[in-house]
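Report on one structure; see the data block that follows.
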Amino acid sequence: MIKRLLFAVFLSSSLWAGTARAQTPAKGETLASQQLKQRLRGQYLTNDTAQAIINLYSRRQAGGVEWMIAAMLSAVRLGTASSGTTTTSYGGYNTTTTDGGTNMGGALLVATPFLAYGTAKLLRYSNGHLEQVLAAYAAGQPLPHSLRRKLKRRLFTAPIVPYKHISAQPAPATPAAPTVK
19 MIKRLLFAVF
29 LSSSLWAGTA
39 RAQTPAKGET
49 LASQQLKQRL
59 RGQYLTNDTA
69 QAIINLYSRR
79 QAGGVEWMIA
89 AMLSAVRLGT
99 ASSGTTTTSY
109 GGYNTTTTDG
119 GTNMGGALLV
129 ATPFLAYGTA
139 KLLRYSNGHL
149 EQVLAAYAAG
159 QPLPHSLRRK
169 LKRRLFTAPI
179 VPYKHISAQP
189 APATPAAPTV
199 K
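Quick note: the sequence shown uses our numbering, first residue 19, plus one each step.
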């Protein structure tokens with residue numbers, strides 16, 4: 019049981035480590051969230067610190083979603099795994115016992131801290147909090163120390179792509195294919 023638990027923890031942590039390196043700001047975001055961030059990016063287009071804060075919040079939100087998904091997948095995997103069969107030998111007789119039960123309670127107990135961590139990241143780095151921080155920064159208030167610590171160089175070097183609205187027009191009707199005589 020301990021070996022399986024350690025393997026599950028290793029598997030979920032390696033899944034998270036692999037996806038954490040490949041995070042993109044738009045991963046796991048809804049359309050409304052993307053539109054809000056695009057509006058904020060356009061509003062603070064020339065301010066690199068505001069752009070870095072938006073990048074930070076996007077990455078942390080995506081990380082929160084990944085923690086929650088990894089916790090749920092691990093809980094399902096641990097909960098549906100059976101402990102298997104055991105064979106015991108008594109003298110010349112062998113007895114085989116099969117434990118087909120699942121341990122969903124234990125799986126939820128193991129996954130709860132990871133799920134709580136992902137939820138806490140989503141709450142801490144919500145879009146409402148992002149708007150509050152940017153509004154306070156635009157008003158001339160200094161950034162909180164905890165936020166200044168998290169602003170790293172890689173957040174400032176992300177390319178700033180201005181949003182350009184393109185109006186969608188229906189495609190022209192295609193003419194009938196010419197017939198060959």
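C-beta atoms are modelled at their ideal positions from N, C-alpha and C, and glycine is treated no differently.
Close beta carbons around residue i, own chain, < 6 Å, minus the five adjacent residues each side
i, result
"Ala176", "Asn73"
"Ala129", "Ala89, Ser92, Ala93"
"Thr113", "Thr106"
"Arg172", "none"
"Arg78", "Lys139, Tyr143"
DSSP beta-bridge partners of residue i
i, result
"Tyr135", "None, per the DSSP bridge assignment."
"Tyr62", "The partner list for Tyr62 (beta bridge, DSSP) is empty, contrary to what the question assumes."
"Leu112", "With the sequence shown as reference, residue 112 is identified as Asn, and Leu is not the correct amino acid for it. Looking at the DSSP assignment, Asn112 forms a beta bridge with Ser107."
Backbone CA spacing between residue i and residue j [nearest angstrom]
i, j, result
"Thr132", "Ala89", "The sequence shown places Phe at residue 132, rather than the Thr named in the question. Those two C-alpha atoms are separated by around 6 Å."
"Gly60", "Tyr155", "16 Å"
"Pro190", "Leu140", "44 Å"
"Ala138", "Ser185", "38 Å"
"Gly136", "Glu84", "7 Å"
"Lys220", "Pro193", "Because the chain in this structure spans residues 19 to 199, residue 220 falls outside the shown range and cannot be described."
"Pro160", "Gly146", "18 Å"
"Ser144", "Ala80", "11 Å"
"Pro150", "Lys55", "What sits at residue 150 in the sequence shown is Gln, not Pro. Cα-Cα distance, rounded: 13 Å."
"Arg95", "Phe174", "39 Å"
"Met86", "Pro196", "56 Å"
"Thr98", "Pro188", "49 Å"
"Ala134", "His163", "24 Å"
"Thr64", "Gly158", "16 Å"
"Asp66", "Leu127", "42 Å"
"His183", "Arg166", "32 Å"
Local Cβ density within 10 Å of residue i, reported as buried at 16 or more and exposed below that
i, result
"Ala40", "Here the model assigns Ala40 a pLDDT of 38, short of 50, so the residue's position is not dependable and the matter cannot be decided."
"Leu49", "exposed"
"Tyr75", "buried"
"Met122", "exposed"
"Gly82", "buried"
"Gln53", "exposed"
"Ala125", "buried"
Residue span of the alpha helix (DSSP H) that contains residue i, given as start and end
i, result
"Leu152", "145 to 156"
"Ile72", "66 to 98"
"Ser164", "163 to 168"
Contacting residues, own chain, Cβ-Cβ under 8 Å from residue i (five flanking each side not counted)
i, result
"Leu58", "Ala68, Ile72, Leu148, Glu149, Leu152"
"Tyr62", "Ala68, Gln69, Ile72, Leu152, Ala156"
"Gly110", "none"
Residues near residue i in its chain [Cβ-Cβ closer than 7 Å; skip 5 each side]
i, result
"Lys168", "Leu74"
"Ser51", "Asn145"
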